[in-house]
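Since the structure comes first, as structure tokens, the remarks are kept for the end.
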Amino acid sequence: MPRVSANGNQKSKINVDYSVVKKAAGVLRAVNHPLRQSMIRLLDEAGSMTVTELYNRLNLEQSVASQHLAILRKANVVKTSRDGKFIYYSVNEKRLNDLGQLVNEIIAS
347 MPRVSANGNQ KSKINVDYSV VKKAAGVLRA VNHPLRQSMI RLLDEAGSMT VTELYNRLNL
407 EQSVASQHLA ILRKANVVKT SRDGKFIYYS VNEKRLNDLG QLVNEIIAS
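Residue numbers (our numbering): 347 to 455.
Written out as structure tokens, the structure is:
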């Protein structure tokens, strides 16, 4: 609970930017889904894949694969590159490694 000084101003020992916490929670929600984890594993193994390759490998409807890839893209967990008419998806390794390190630090404390 915030402390109130003699002049009425609130002082707090807590230094948390809750908008950043909300964004971090969104990234964690994005990777905490079994299907999206399968997509991340496949992309990591293959290096890069098109949405067609992903939905064929996972036996999904194209729309389902696209929706889940959009969530991963929004969380910056996957990257895209274009080659002609094809869009290739790949894992953002730095983002996932940073996320894993952060989670390990939180769990350890």
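Here a beta-carbon is modelled for each residue, glycine too, at the ideal position from N, C-alpha and C.
If contacts are defined as beta-carbon pairs under 8 angstroms, then residue i and residue j qualify, I think. What distance do you get, rounded to the angstrom?
{"i": "Leu400", "j": "Leu388", "result": "6 angstroms"}
{"i": "Ile433", "j": "Thr426", "result": "5 angstroms"}
{"i": "Val449", "j": "Ile386", "result": "With a Cβ gap of about 14 angstroms, Val449 and Ile386 do not count as contacting."}
For residue i, tell me which candidate among the options has the shortest Cα-Cα distance.
{"i": "Gly430", "options": "Ala370, His379, Thr396", "result": "Thr396"}
{"i": "Asn378", "options": "Val423, Gln408, Gly393", "result": "Val423"}
{"i": "Ser394", "options": "Ala376, Glu439, Lys420", "result": "Glu439"}
Cα separation between residue i and residue j?
{"i": "Leu445", "j": "Ala454", "result": "14 angstroms"}
{"i": "Pro380", "j": "Lys357", "result": "42 angstroms"}
{"i": "Asn402", "j": "Arg419", "result": "20 angstroms"}
{"i": "Leu404", "j": "Ala376", "result": "18 angstroms"}
{"i": "Lys368", "j": "Glu451", "result": "18 angstroms"}
{"i": "Ala352", "j": "Leu442", "result": "With a pLDDT of only 49 at Ala352, under 50, the local geometry of the prediction cannot be trusted, and the value read off the model is given with reservation. Rounded to whole angstroms, Ala352 to Leu442 spans 46 angstroms at the Cα level."}
(message) Quick check on the DSSP output: what are the complete alpha helix (DSSP H) runs of length 4 or more inside the region 388-439, in order along the chain?
(response) 397-404, 408-420
(request) Decide if the region 407-414 is in contact with the region 356-374; the criterion is three or more beta carbon pairs, one per stretch, under 8 angstroms apart. (result) no
(request) Pick out the complete alpha helix (DSSP H) segments inside the region 354-387, 4 residues or longer, and give them in chain order. (result) 364-377
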